[in-house]
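Numbering (my numbering), first residue to last: 90 to 255. Backbone N, C-alpha and C fix where the C-beta goes; we use that ideal spot for every residue, glycine too. What follows is one structure encoded as structure tokens, with my remarks underneath.
Here it is, written out as structure tokens:
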């Protein structure tokens with residue numbers, strides 16, 4: 090090999106590396122836009138869009154309401170927490186979830202870390218996991234209680250990595 094062909098190959102490799110890294114690292118949305126798109130996809134029952142917006146591992150926190158011990162009103166009950174490491178299992182779960190879940194407001198309210206104490210019952214022992222993400226609150230409707238959904242968006246990848254709903 091002569092020096093000219095080595096330089097040409099090095100130049101081509103450098104160009105390809107720069108081009109490919111520019112394509113891979115540029116997120117399409119802000120964390121707020123990602124959260125809002127996720128909420129809209131729930132209302133459209135589009136699990137495929139939900140998967141596209143999801144990162145891994147993906148945590149799902151579901152907490153049902155139950156009657157208060159004193160018989161007056163309702164309190165948050167047992168928390169169900171699931172972790173998904175792969176698309177296939179999460180996609181199957183999300184297909185069922187979108188049939189049951191609906192969001193009234195698809196414009197999420199940003200929850201600053203300083204206000205996480207407002208959501209002590211919702212975040213529970215997992216509050217530290219939420220602190221590394223941007224969290225957005227969505228209203229799901231009122232009945233006897235207020236139903237909410239909170240989405241945790243990875244600040245770097247702009248992917249949803251956690252969902253809480255009651």
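Open item on the list: When you compare the region 199-217 with the region 130-139, are there three or more beta-carbon pairs, one atom per stretch, that lie closer than 8 Å?
Closed with: no
Open item on the list: Taking the alpha carbon of residue 124 as the reference point, which residue from 242, 254, 246 has its own alpha carbon closest?
Closed with: Here residue 124 corresponds to residue number 35 of the chain shown, with the count starting at 1. The residue with the shortest Cα to Cα distance from residue 124 is 242.
TODO: For the alpha helix (DSSP H) containing residue 212, list its first residue and its last residue.
DONE: One-based indexing of the chain shown puts residue 212 at position 123. Going by DSSP, residue 212 is part of the alpha helix (DSSP H) stretching over 209-212.
TODO: Can you tell me the Cβ-Cβ gap for residue 172 and residue 131, rounded? I've got them flagged as a contact below 8 Å.
DONE: For the purposes of this step, residue 172 is identified with residue 83 of the chain shown, where counting begins at 1. For the purposes of this step, residue 131 is identified with residue 42 of the chain shown, where counting begins at 1. Between residue 131 and residue 172 the Cβ distance is about 20 Å, and since that is not below 8 Å, they are no contact.
Task: Distance, residue 166 Cα to residue 158 Cα - done: Counting from 1 along the chain shown, the entry for residue 158 is found at position 69. Counting from 1 along the chain shown, the entry for residue 166 is found at position 77. Between residue 158 and residue 166, the C-alpha separation is close to 11 Å.
Task: Cβ-based neighbour list, residue 152, same chain, cut-off 6 Å, excluding 5 preceding and 5 following - done: Your numbering for residue 152 matches position 63 in the chain shown. 165, 168, 255.
Task: For residue 224, the three-state DSSP class (helix, strand or coil) - done: By 1-based counting over the chain shown, the position of residue 224 is 135. Of the three classes helix, strand and coil, the one that applies to residue 224 here is strand, per DSSP.
Task: For residue 199, three-class secondary structure by DSSP - done: Here residue 199 refers to the residue found at position 110 of the chain shown. Reduced to three states, the DSSP call for residue 199 is strand.
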